[in-house]
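Chemist:
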Amino acid sequence: FDPPASKSAGTVAGILAAIVFVVFVIPVVLWWRGCLGRKDKMAQDLRGLALQIGLFTLRQIKAATNNFDAANKIGEGGFGSVYKGFLSDGTTIAVKQLSSKSQQGNREFLTEIGTISALQHPHLVKLYGCCIEGNQLLLVYEYMENNSLARALFGPEEFQLKLDWRTRHKICLGIARGLAYLHEESRLKIVHRDIKATNILLDKDLNPKISDFGLAKLDEEDNTHISTKIAGT
Numbered sequence: 001f002d003p004p005a006s007k008s009a010g011t012v013a014g015i016l017a018a019i020v021f022v023v024f025v026i027p028v029v030l031w032w033r034g035c036l037g038r039k040d041k042m043a044q045d046l047r048g049l050a051l052q053i054g055l056f057t058l059r060q061i062k063a064a065t066n067n068f069d070a071a072n073k074i075g076e077g078g079f080g081s082v083y084k085g086f087l088s089d090g091t092t093i094a095v096k097q098l099s100s101k102s103q104q105g106n107r108e109f110l111t112e113i114g115t116i117s118a119l120q121h122p123h124l125v126k127l128y129g130c131c132i133e134g135n136q137l138l139l140v141y142e143y144m145e146n147n148s149l150a151r152a153l154f155g156p157e158e159f160q161l162k163l164d165w166r167t168r169h170k171i172c173l174g175i176a177r178g179l180a181y182l183h184e185e186s187r188l189k190i191v192h193r194d195i196k197a198t199n200i201l202l203d204k205d206l207n208p209k210i211s212d213f214g215l216a217k218l219d220e221e222d223n224t225h226i227s228t229k230i231a232g233t
């Protein structure tokens, strides 16, 4: 009978059991709860998206918008608040701030944004990229100097524009061409589902560009991907 040896063997067994628990059990639990596996998948999805469009950091977006200063807020609507910003190279941008409910929602958001970025047309607002950090979902678009058709027609008097019939015809024709591309001519055949004056933006020459195409799809499935408490361009 050797009590010290027995005690030593028990200590070793306890240490081994603890090591096995740490090495095997905890990673499995973390993966199941999404702390490891899902984050790895998200990182992989982000790398894939980076090959299609630009990925911005939250620090870049905050610097561009002066930390989402209220003075830079230029719109609010169905999908997110919109802020004017300036990139370090001087490019003027519009940043749409969305909100996500889950990491799974973020992954589906990535898939949809990759799809939307593939659509290029003179009468569609260009998507420069996005930012996904923590609970932040941000879309970075080209900036449209004359805001929306809704503001030009129905906004406060100081923002209304005097549009002659030639300009109105140009705007209507541009909208029709943009919708025809989305519905029939593009490879993806996206139906806008929310076309209205607030989703028609005007550049400095009053050329119309359609915004928020593809976002209705992101919001439709029980709001899984994006909640619509505030909104856009």
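Residue numbering for the sequence shown follows the UniProt record's numbering, starting at 1 and increasing by one per position.
Cβ atoms here follow ideal geometry from the backbone N, Cα and C, with glycine treated the same way.
Quantities reported herein were computed from a predicted structural model and do not represent experimental measurements.
I'd like to check one pair, G80 with Q60: are the Cβ atoms closer than 8 angstroms?
Modeler: Walking along the sequence shown from the start, residue 60 turns up at place 60. Walking along the sequence shown from the start, residue 80 turns up at place 80. Here Q60 is not near G80, since their CB atoms are 8 angstroms or more apart.
Chemist: Measuring CB atoms only, is the region 159 to 175 touching the region 81 to 95, in the sense that at least three cross pairs come out at less than 8 angstroms?
Modeler: no
Chemist: Does at least one heavy atom of the ligand HEM sit under 7 angstroms from the Cβ of L139?
Modeler: Looking for the ligand HEM in the displayed structure turns up nothing, as the structure carries no ligands at all.
Chemist: CB-CB under 8 angstroms to I53, same chain, minus the five flanking residues each way: which ones, in chain order?
Modeler: Locating residue 53 in the sequence shown gives position 53, counting from the first residue. Excluding residues within five positions, the ones whose Cβ falls inside 8 angstroms are I113, G114, S117, L127, Y128, G129 and C130.
Chemist: What's the C-alpha gap between I200 and G134?
Modeler: The residue you call residue 200 lines up with position 200 of the sequence shown. The residue you call residue 134 lines up with position 134 of the sequence shown. Rounded to the nearest angstrom, the two C-alpha atoms are 31 angstroms apart.
Chemist: CA-CA distance, L137 and T65?
Modeler: Taking the sequence shown and counting its residues from 1, the one referred to as residue 137 is at position 137. Taking the sequence shown and counting its residues from 1, the one referred to as residue 65 is at position 65. For L137 and T65, the distance between alpha carbons rounds to 15 angstroms.
Chemist: Going straight from the alpha carbon of R193 to that of A180, what length do you get?
Modeler: In the sequence shown, counting from the first residue as 1, residue 193 sits at position 193. In the sequence shown, counting from the first residue as 1, residue 180 sits at position 180. If I take the Cα positions, the gap works out to 13 angstroms.
Chemist: Of all the alpha helix (DSSP H) runs that stay within the bounds of the region 74 to 155, which reach a length of 4 or more residues?
Modeler: Those alpha helix (DSSP H) runs which fall completely within the region 74 to 155 and span 4+ residues are 103 to 117 and 149 to 154.
Chemist: Going by C-alpha to C-alpha distance, which of L139, N67, G75 and L149 sits closest to P208?
Modeler: Position 208 of the sequence shown, counted from the start, is the residue given in the question as residue 208. Here the closest residue by C-alpha is L149.
Chemist: Measure the beta-carbon distance from I171 to L206 and round it to whole angstroms, keeping in mind my assumption that it falls under 8 angstroms.
Modeler: Taking the sequence shown and counting its residues from 1, the one referred to as residue 171 is at position 171. Taking the sequence shown and counting its residues from 1, the one referred to as residue 206 is at position 206. Between L206 and I171 the Cβ distance is about 7 angstroms, and since that is below 8 angstroms, they are a contact.
Chemist: If you draw a straight line from the C-alpha of N147 to the C-alpha of E184, how long is it?
Modeler: Locating residue 147 in the sequence shown gives position 147, counting from the first residue. Locating residue 184 in the sequence shown gives position 184, counting from the first residue. So the alpha carbons of these two residues sit roughly 27 angstroms apart.
Chemist: Please confirm whether I190 and Y141 have their CB atoms less than 8 angstroms apart.
Modeler: Locating residue 190 in the sequence shown gives position 190, where the first residue counts as 1. Locating residue 141 in the sequence shown gives position 141, where the first residue counts as 1. No.
Chemist: Compare the C-alpha of K204 against each of L55, L110, Y143 and G85 and name the closest.
Modeler: Locating residue 204 in the sequence shown gives position 204, counting from the first residue. Of L55, L110, Y143 and G85, the residue nearest in Cα terms is Y143.
Chemist: When DSSP labels each residue in this structure, what does G178 get in the three-state scheme?
Modeler: Position 178 of the sequence shown, counted from the first residue, corresponds to residue 178. Correct three-state label for G178: helix.
Chemist: Just list the residues that DSSP pairs K62 with in beta bridges.
Modeler: Mapped onto the sequence shown, residue 62 falls at position 62. DSSP, once it has assigned bridges, lists no residue as partnering K62.
Chemist: Taking all protein chains shown into account, decide if T198 is buried (16 or more other Cβ within 10 angstroms of its Cβ) or exposed.
Modeler: Translated into positions along the sequence shown, residue 198 becomes position 198. Classification for T198: buried.
Chemist: Determine which residues share a DSSP beta bridge with S209 and list them.
Modeler: Stepping through the sequence shown from its first residue, residue 209 is reached at position 209. Correcting the residue type first, residue 209 is Lys in the shown sequence and not Ser. L201, per the DSSP bridge assignment.
Chemist: Is L161 helix, strand or coil by DSSP?
Modeler: For the purposes of this step, residue 161 is taken as the residue at position 161 of the sequence shown. Here L161 sits in coil by DSSP.
Chemist: So, is D164 buried or exposed, given that buried needs 16 or more other C-beta atoms within 10 angstroms?
Modeler: For the purposes of this step, residue 164 is identified with residue 164 of the sequence shown, where counting begins at 1. Label assigned to D164: exposed.
Chemist: Using DSSP with H/G/I as helix, E/B as strand and the rest coil, what is A188?
Modeler: On the sequence shown, residue 188 is found 188 positions in, with the first residue counted as 1. Note on identity: in this sequence residue 188 is Leu, with Ala being the wrong assignment. Three-state result, L188: coil.
Chemist: On the criterion of 16 or more Cβ atoms from any shown chain inside 10 Å, does I132 qualify as buried, or is it exposed?
Modeler: The residue labelled residue 132 in the question sits at position 132 within the sequence shown. Counting Cβ neighbours within 10 Å, I132 comes out buried, since at least 16 surround it.
Chemist: Indicate whether at least one CB of chain D lies closer than 8 angstroms to the CB of V95.
Modeler: No chain D is present in this structure, which holds just one protein chain.
Chemist: Considering Cα atoms alone, identify which of D212, K84 and T11 is closest to L182.
Modeler: Your numbering for residue 182 matches position 182 in the sequence shown. Of D212, K84 and T11, the residue nearest in Cα terms is D212.
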